[in-house]
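In our numbering, the protein residues as written are 67 to 818.
See below:
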């Protein structure tokens, strides 16, 4: 990116590690401009020239300003005012061709110093802070890679010249850094907690131990953890004194929060409160794993943080075989509910078969943030130390549920009856999905809920509301709405009754019963009485039939296929895909049928057989609503026309799934006709390729992505599927399992 840095003469004020590394990085990137330096130590300047980092320098700032196009202030925070006053005296702020920026870690103090020196905040001053460093100091420690893949935060204000911001952004991008923008106050609060407080604690711990009589023995036997934690206590003491002085208020606020947390942990240790200790340790452990995933730019909750925009695409090759025995991950719907009801139960709930996908993990983390001690997950096993219906604690901030529409809608119900305020938010995809369908009936029950424009997330729920049971006729069939209202009904006075216009999945009712809470059903209506309690119960999560669907369809369309999917949940409200495939002529049998924890399961054995187009029965639509993208692929390989109607719900899923599949079919050359509430798909049968290849867009919808990966089995050329990162939300390990049974597929990272 060096060609974007068009500065003719760059002046670095303060040629230590930070300033020297900037010069080294620019040289390494091929920067052709002149680099000068000002430093009070003449030896540092001489060393910088000798290392080839700078052309020349001086100990006097005023002598170096002539012809300079950008000035980078890399002096200690408390030295900034003197430097800024010198620049003011020289009229630098009045020259629009010159840009001034800095590297200080406390932006509020530097902004105040600039306003004092110039009488205003100059429009050509762009305050910045590279989040990088080392315990080493001085220009001799300069590292050309110090900023590579690190963040640089710029904190411009409304009056800052955007051209100046762009020039500073280009400067740091040339070093390999990722450049973000943030408000000054927010920056100082964040850095006080993530950088300044850890340094303060490290200095304090090492000082405390060093003053003890047996300090030599303590240090001799200190383990790696002590070394890792206290490493930062080797940093420049003067620099950190200045930082703590300059950012005093934010550091004190962070210290107050830490001391309160430490006092709670001390009390738990004193009381021998194992659950309280486990809750803190487990919450911290998983927060650390989350932090690791952000550092590595892996996908776990990546939308929650500003990071480089890369996209994951799949390349699926034509042809392949589909054979063997596999077990797909646990059912997402049941995994969500197991965590929720286990947390609200009294006692310890052991969960096996838990889906370790992003959506389920987001639900699990949300309960940790509300004070629930949860062990795991480890190989699908989770242990939940329930706190009872009224034992949740207020989270410290918004609860993030990632891409999980199920989690957000169910959370809305159970949080509507809590004593504390909460906010529910999610990723970019989820914030586009309508939440009025749960917010409106919850308001009828007495809940106070704010939504964003159009009834969309985030949802803000006011605590302390007295809920009352209602009788609610759902305008459309939705298991999420039904479950939301039943969970709110646990906290409501009287009876909560929900009537559904068509059958929907009944996992919530079954699991409530498994936890000892009585739920009644008669015909199309179910109801419960508020004020009871949940009792912990073991849960074995069956494999997800929605995940199994992709492999059912893969086998159904591939000549010679013979596949067994083990331990799949076959709840009567979820087997629409089985019924529809059988109507199309699929050779699909249920074997080893049994019941586990109130949920029916079976092994699904499917062999290839020619499929035929059908009119999909209206009564099967709600039972297969999530499986239609894959079923559309089956229809594209069937003989004749497959017609779907009364499926408008597909337009408000993670994407408009009717439109997304139709757009992909147009690319592949699959004949179809799209309707407001459905689609006609014209298949031509046979055993050769059914359509062409090409590049399709999943629109970030995991089910669209996996469906087109399966479609490649009968394509004449490869299919490339864009925007596939969200597959991890519902089906971790999809590619590995697909390859194991015979699909040709690989994942590729691409720049957005």
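For each residue, glycine too, the CB sits at the ideal point set by N, CA and C. On a predicted model such as this, the values are computed, not experimentally measured, just so you know.
Can you tell which of 525, 613, 571 has the C-alpha that lies nearest to the C-alpha of residue 768?
-> 613
Do the stretch 700-718 and the stretch 788-803 meet, that is, are 3 or more Cβ pairs less than 8 Å apart?
-> no
Tell me, please, which residues DSSP counts as bridged to residue 671.
-> 630, 655
Cβ-Cβ distance between residue 516 and residue 536 below 8 Å | No, the pair does not count as a contact, with Cβ atoms beyond the cut-off.
Quick one: what's got a C-beta closer than 6 Å to residue 158's C-beta in the same chain, skipping five residues either side?
-> 164
In DSSP terms, what residue 814 is bridged to = 379
Cβ pair residue 522, residue 487 closer than 8 Å = Not a contact, by the Cβ cut-off of 8 Å.
Contact check, residue 533 vs residue 455, beta carbons under 8 Å = no
Compute the Euclidean distance between the alpha carbons of residue 574 and residue 672, then round it to the nearest angstrom.
-> 29 Å
Helix, strand or coil: how does DSSP classify residue 40 here?
-> Limits of the chain in this structure are 67 at one end and 818 at the other, which puts residue 40 out of reach.
Hey, residue 618 and residue 643: beta-carbon distance below 8 Å or not?
-> yes
How do the stretch 796-807 and the stretch 743-753 stand: do at least 3 beta-carbon pairs fall below 8 Å, yes or no?
-> no
Using the beta-carbon count (16 or more within 10 Å), is residue 531 buried or exposed?
-> buried
From 168, 121, 124, residue whose alpha carbon lies closest to that of residue 142 | 168
Can residue 590 and residue 565 be called in contact, C-beta distance under 8 Å?
-> yes
For residue 656, the nearest candidate out of 314, 629, 664, 350 (CA to CA) | Comparing Cα positions, the closest option is 629.
In three-state terms, what does DSSP make of residue 446?
-> coil
Residue 631 to residue 766 span [Cα, whole Å] = 26 Å
Scan the stretch 728-792 and note each continuous alpha helix (DSSP H) run of 4 residues or more that stays entirely inside, going in chain order.
-> 768-777
Is the CB-CB distance between residue 317 and residue 263 below 8 Å?
-> yes
Residue 199 versus residue 166 - alpha carbon distance = 21 Å
Endpoints, the beta strand (DSSP E) within which residue 705 is located = 705-710
Coil, strand or helix - residue 608 by DSSP | coil
Cα separation between residue 419 and residue 408?
-> 15 Å
Name the two residues that bound the continuous alpha helix (DSSP H) containing residue 721.
-> Unbroken run through residue 721: none, as it is neither H nor E.
Touching by the beta-carbon criterion (3+ pairs, under 8 Å), the stretch 182-198 and the stretch 234-248 = As far as the Cβ criterion goes, the stretch 182-198 touches the stretch 234-248, which means the pair count is three or higher.
Please confirm if the stretch 467-480 is in contact with the stretch 420-429, defined as three or more CB-CB distances below 8 Å between the two stretches.
-> yes
What runs of the beta strand (DSSP E), each 3 residues or longer, lie entirely inside the stretch 412-469?
-> 414-418, 439-444, 447-451
Residues of its chain near residue 434, where Cβ-Cβ distance is below 8 Å and the 5 sequence neighbours each way are ignored = 345, 348, 349, 352, 440
Helix, strand or coil for residue 726, going by three-state DSSP, please let me know.
-> helix
Flag this pair as yes or no: are the beta carbons of residue 149 and residue 192 separated by less than 8 Å?
-> no
With a Cβ-Cβ cutoff of 8 Å, do residue 716 and residue 694 count as a contact?
-> yes
Pick out whichever of 102, 73, 119 has its Cα sitting closest to the Cα of residue 91.
-> 119
Through-space distance from residue 406 to residue 484, alpha-carbon basis | About 14 Å.
Considering only residues of the same chain and omitting the five flanking positions on each side of residue 681, which have a CB-CB separation below 7 Å?
-> 709
Hey, how far is the Cα of residue 498 from the Cα of residue 524?
-> 10 Å
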